[in-house]
Amino acid sequence: MTQTPNYEIPTEMRDFAEKSVEQARKAFDSFIGAARKTSDTLQGSAEMARNNAQDVSSRGFSFAEQNVNAAFDLAQKLVRSRDVQEAMQHQAEFVRSQFAAMQNQAREFGGIAQSAMQQSAENAKQAMQQGAEHARSAMQQGADQARQAMQKGADAARSATDQATNAAKDAAS
Numbered sequence: 001m002t003q004t005p006n007y008e009i010p011t012e013m014r015d016f017a018e019k020s021v022e023q024a025r026k027a028f029d030s031f032i033g034a035a036r037k038t039s040d041t042l043q044g045s046a047e048m049a050r051n052n053a054q055d056v057s058s059r060g061f062s063f064a065e066q067n068v069n070a071a072f073d074l075a076q077k078l079v080r081s082r083d084v085q086e087a088m089q090h091q092a093e094f095v096r097s098q099f100a101a102m103q104n105q106a107r108e109f110g111g112i113a114q115s116a117m118q119q120s121a122e123n124a125k126q127a128m129q130q131g132a133e134h135a136r137s138a139m140q141q142g143a144d145q146a147r148q149a150m151q152k153g154a155d156a157a158r159s160a161t162d163q164a165t166n167a168a169k170d171a172a173s
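Reminder that position 46 of the sequence shown reads as 46 in full-length UniProt numbering, one-by-one numbering, no gaps.
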């Protein structure tokens with residue numbers, strides 16, 4: 001088996017790379033801050049939808065920030081690596097940890113989506129139940145009013161009949 005040659009990375013090169021990584025991190029932090037402010041100003045038409053969108057957006061930015069920070073951490077480890085073997089070890093650790101992180105992030109997003117769908121379904125169910133209750137109530141009120149109108153009509157017809165009968169009796173006498 002051949003052994004990988006051990007190449008030493010010059011100190012100046014590592015210092016330059018480390019400064020570049022720090023500058024990139026600062027630029028990213030500035031960008032993510034502006035993106036978060038922009039996200040916070042978004043408003044939806046429905047309160048629940050707005051809250052769910054903010055939750056997803058916030059988690060998305062949080063996940064993006066975690067992932068990019070992990071990449072920056074890897075970059076710093078790589079520029080500080082003394083040889084190729086150490087750099088490969090850092091890369092393998094990064095891939096393993098990012099795979100696990102992305103699985104967790106996907107699970108969390110799935111949970112958020114499921115919760116939002118359940119909330120929407122519950123709200124729709126409540127709205128339909130309220131609509132049905134209002135319709136039942138309106139039908140009951142309409143039926144009650146129709147009964148009352150029919151009763152008044154029947155009472156008026158009886159009263160008219162009684163008056164006509166009394167008038168006929170008076171006329172006959």
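In this text, a Cβ means the ideal position worked out from N, Cα and C, and glycines have one as well. Nothing here was measured: the structure is a model prediction, and the numbers come from that model.
| Check | Outcome |
| --- | --- |
| What did DSSP end up calling residue 82 once you bin it into helix, strand or coil? | coil |
| Determine the contact status of residue 112 and residue 59, defining contact as a CB-CB distance below 8 Å. | yes |
| Within 10 angstroms of the Cβ of residue 106, are there 16 or more other Cβ atoms? Answer buried if so, exposed if not. | exposed |
| Is the beta carbon of residue 92 less than 8 Å from the beta carbon of residue 66? | no |
| Could you give the C-beta distance for residue 14 and residue 79, rounded to a whole number, given that I count them as a contact under 8 Å? | 5 Å |
| Alpha carbon to alpha carbon, what distance is there between residue 62 and residue 19? | 24 Å |
| Just the Cα atoms here: how many angstroms apart are residue 175 and residue 173? | Past the edges of the chain, shown from 1 to 173, lies residue 175, and the structure says nothing about it. |
| Helix, strand or coil: how does DSSP classify residue 18 here? | helix |
| Just mark residue 164 as buried or exposed, buried being the case when its beta carbon has 16 or more other beta carbons within 10 Å. | exposed |
| Between residue 97 and the rest of its own chain, which residues show a CB-CB distance below 8 Å, the 5 nearest in sequence each way excluded? | 70 |
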